[in-house]
Amino acid sequence: MALTLRSSTSFMALVDSKTHRASEELPRMLAFDVRKAAGRPPTLKASRQDVIQPATLLQHAEQAAAELLHGPPAAHGAGTARVPVYVMLPLDTVSLAGRLTRARPLNASLMALRTAGVEGVMVDVWWGLVEKDGPLRYNWDAYAELVHMVERNGLKLQMVMSFHQCGGNVGDNC
């Protein structure tokens with residue numbers, strides 16, 4: 001069995017501080033032979049050649065399959081590396097009565113977020129509010145209204161199912 005460590009020159013300075021050699025002269029790969037030889041310590045070999053190990057090929061194949069399954073990351077701008085930003089809505093976006101709280105200011109906030117370049121918003125879906133009328137009696141009206149409001153403003157929505165009681169954490173306002 002051999003253990004292979006690879007390094008990239010992007011993690012090294014152009015000149016190694018200990019040997020004062022340029023990074024192009026330094027080995028890129030170190031291989032440890034960990035097989036037990038008769039009374040011999042494990043050997044270490046340094047190499048400049050780029051050897052592709054079977055495990056590396058498998059990793060590349062898995063990455064390619066994942067890319068095909070999920071697709072490449074969507075480009076957000078013309079040649080710019082942009083990170084999509086999602087803003088968390090207040091915990092009390094849906095009231096205890098099962099309605100959106102402050103719907104008009106929320107709509108104005110969603111417009112402002114879209115103008116600011118935000119990708120979408122995230123909201124907690126409080127199961128206790130959805131099923132408050134009894135077991136198997138669901139009221140999704142407020143969340144459906146929120147979905148339509150977010151769609152009208154051209155934002156994406158992430159909904160997080162919350163089965164715990166709101167108010168137990170620092171900063172909870174419900």
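Quick note: the sequence shown uses the UniProt record's numbering, first residue 1, plus one each step. Glycine included, every Cβ here is placed at the ideal spot set by N, Cα and C.
**Prompt:** Among the residues of its own chain, which have a CB less than 6 Å from the CB of residue 161, if the five just before and after it don't count?
**Reply:** For the purposes of this step, residue 161 is taken as the residue at position 161 of the sequence shown. The answer, listed in chain order, is 125.
**Message:** Restricting to Cα atoms, I'd like to know which of 82, 97, 173 and 84 is closest to residue 133.
**Reply:** If you number the sequence shown from 1, residue 133 lands on position 133. Ranking the options by Cα distance to residue 133, first place goes to 97.
**Message:** What would DSSP say about residue 86, mapped onto helix, strand or coil?
**Reply:** Translated into the one-based positions of the sequence shown, residue 86 becomes position 86. Note: residue 86 maps to strand in three-state DSSP.
**Request:** Tell me where the alpha helix (DSSP H) around residue 127 begins and ends.
**Result:** Taking the sequence shown and counting its residues from 1, the one referred to as residue 127 is at position 127. Looking at the DSSP string, the run of the alpha helix (DSSP H) that includes residue 127 is 127-130.
**Item:** Range covered by the beta strand (DSSP E) that runs through residue 157
**Value:** In the sequence shown, residue 157 corresponds to position 157, counting from 1. Where residue 157 is concerned, the enclosing beta strand (DSSP E) stretches over 156-162.
**Prompt:** Excluding sequence positions up to five away, which residues of its chain have a Cβ less than 6 Å from the Cβ of residue 88?
**Reply:** Indexing the sequence shown from 1 puts residue 88 at position 88. Exclusion of the five residues before and after residue 88 leaves 122 as the residues of its chain whose Cβ lies within less than 6 Å of its Cβ.
**Request:** Could you check the C-alpha separation between residue 176 and residue 153 for me, to the nearest Å?
**Result:** Residue 176 lies beyond the range of the chain shown here (1 to 174); nothing can be said about it.
**Request:** Going by CA-CA distance only, name the one from 157, 64 and 135 that's closest to residue 110.
**Result:** In the sequence shown, the residue the question calls residue 110 occupies position 110. Comparing Cα positions, the closest option is 157.
**Item:** Close-in-space but distant-in-sequence residues of the same chain around residue 117 (CB under 8 Å, 5 per side omitted)
**Value:** Reading the sequence shown from its first residue, position 117 is the one you call residue 117. 85, listed in sequence order.
**Prompt:** Thinking just about the alpha-carbon of each residue, which of 103, 63, 151 and 81 is nearest to the one in residue 90?
**Reply:** As a first step, residue 90 must be located in the sequence shown, where it is residue number 90. Considering only 103, 63, 151 and 81, the residue with the shortest C-alpha distance to residue 90 is 103.
**Prompt:** Near residue 166, which residues of its chain fall below 7 Å by C-beta distance, leaving aside the five closest residues on each side in sequence?
**Reply:** The residue you call residue 166 lines up with position 166 of the sequence shown. Within the same chain, and ignoring the five residues on either side of residue 166 in sequence, the residues whose Cβ sits closer than 7 Å to its Cβ are 91, 126, 172 and 174.
**Request:** Would you kindly work out how many angstroms separate the C-alpha atoms of residue 169 and residue 61, rounded to a whole number?
**Result:** By one-based count along the sequence shown, residue 169 stands at place 169. By one-based count along the sequence shown, residue 61 stands at place 61. Using only the alpha carbons, I get a separation of about 43 Å.
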